[in-house]
C-alpha cells in the first residue's frame, strides 16, 4: 500500500473514532432539557459524511457537509463569545467588554437587535461608543449582503433596467438605495444630462454610495438622508421612482404612496420590486412573513393612493416587479 493511502486510512480511522466517541458521549448526556445534544449529534453526522467523502476524494459530496459544519461551528463560536461578553458586562469590566464586543462583531455576529435589547449587555450598550461599533458592523454586513455575488441571479439587473427603459436626461429617484446596486446603473442610463436621487434612511449607506460614485466618476447622483415615513421628494420632480426591496419596510404604505404620486412628473412611473408573499417558503434573503406584502394588497393600497398598474413583469424568480402610473 502506498504511503499516502496508509496515511489517509489512519486519518479517517482516527476521525471516525472521534466521531463515534462524540456521538456516544452525546447519547450518554441525553437527559431531559439537554440543549447541547442536537448540535453535538449533528456535528458528529456532518463530520462522518465529510470524512467519508474526503477519503473517497468525492469533492462535490464533501462540499455540503463541510459548509454546514463550518456554519454550525461558527454559530457555536459566536454564542461562546456572547457568553463571555455577558460575563464582562456583569463584572462591569468595560475594557474587556469592548474587546469581546469587537471580537464578536469581527467574527460575524449578525443579531444586532439582541445586543440592543438584552439587559445582560446593557452595561456596555448604553454607551455611544459601543452603539457606534455595532452600527458600523451592521453596515458592513448589510452592504456585503446587498452586494453578494448571487444577487444578480435573483434580481436580474440587466433585465430590470431594460424593462424600466430609462431615457437619457430623465430624473429618477432610487428610494431605499442601500449600497447603490441600482443607483449606479440608473446614473449610467440617464447620462450627464439626467439626475438620480439616492435616498436612504441610513447615512452609512449614503456614504458607501458616495464612495462608489466617486470611483465611477459619476456627477449626476444626489444623496439624501430621509426619514422612514417620507421620501421628501419635491412635487412633480421625478420621471421614475424605483423602490427595490424597500416597500415592505414602510408602515403606512397608502400615505407613503400618496407622497410618491405627488412627486411624479406628467407621465411619471413608480416601479416596485419586492418579495412575493409566501410565508411557507424558505428564502435566504426574504423578509420574515410578517413583513412580506402580498401583491394584491400592494395593488389595493397603491390604488387608494391614486396609482394603478401599468406593467407587470414576471421574470424575477422570487419577487414581483410592477410599474404603476398615476390615474
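In our numbering, the protein residues as written are 1 to 327.
Note that the Cβ used here is the ideal one computed from N, Cα and C, for glycine as well.
Here the structure is a predicted model, which is why all the values come from computation and not from measurement.
Span separating the alpha-carbon of residue i from that of residue j
i: residue 201; j: residue 229; result: 10 Å
i: residue 107; j: residue 311; result: 44 Å
i: residue 116; j: residue 137; result: 13 Å
i: residue 265; j: residue 150; result: 35 Å
i: residue 253; j: residue 246; result: 11 Å
i: residue 314; j: residue 283; result: 18 Å
i: residue 317; j: residue 53; result: 33 Å
i: residue 35; j: residue 76; result: Low local confidence applies: a pLDDT of 45 at residue 35 is under 50, so the model's placement there is unreliable, with the coordinate-based value given in what follows. Taking the straight line joining both Cα atoms gives about 12 Å.
i: residue 110; j: residue 80; result: 14 Å
i: residue 120; j: residue 130; result: 14 Å
i: residue 319; j: residue 134; result: 30 Å
Which residues DSSP lists as bridging residue i, in chain order
i: residue 313; result: 321
i: residue 238; result: 264
i: residue 186; result: Looking at the DSSP assignment, residue 186 forms no beta bridge with any residue, so it has no partner.
i: residue 153; result: Answer is none; residue 153 lacks a bridge partner.
i: residue 274; result: 320
i: residue 269; result: 240, 325
i: residue 225; result: 200
i: residue 308; result: 325
Own chain residues within Cβ distance below 8 Å of residue i, not counting five before or after
i: residue 169; result: 190, 191, 193, 194
i: residue 72; result: 39, 42, 43, 46
i: residue 227; result: 201
i: residue 307; result: 257, 260, 261, 270, 324, 325, 326, 327
Per-residue DSSP class, three states only, for residue i
i: residue 147; result: coil
i: residue 122; result: helix
i: residue 21; result: Low per-residue confidence applies at residue 21: pLDDT is 38, beneath 50, and the placement is therefore not dependable enough to give any value.
i: residue 219; result: coil
i: residue 174; result: strand
i: residue 198; result: strand
i: residue 206; result: helix
i: residue 158; result: helix
Near the ligand GDP: residue i beta-carbon under 7 Å from a heavy atom
i: residue 63; result: With respect to the ligand GDP, the structure offers nothing, as it holds no ligand at all.
Chain-order list of residues whose beta-carbon lies under 7 Å from that of residue i (same chain, five-residue window excluded)
i: residue 210; result: 223
i: residue 220; result: 187, 190, 192, 194, 195, 196
i: residue 289; result: 279
Same chain, Cβ closer than 6 Å to residue i, neighbours up to 5 away in sequence not counted
i: residue 323; result: 269, 271, 310, 311
Next on the checklist: Any contact between the segment 54 to 62 and the segment 83 to 92? By contact I mean 3 or more CB pairs, one from each, below 8 Å.
Outcome noted: no
Next on the checklist: Assess contact between the segment 252 to 260 and the segment 302 to 318, defined as three or more Cβ pairs (one per stretch) separated by less than 8 Å. Is contact present?
Outcome noted: Yes, they touch.
Checklist entry - Any chance the segment 150 to 170 sits against the segment 233 to 243, with 3 or more Cβ pairs inside 8 Å? => result yes
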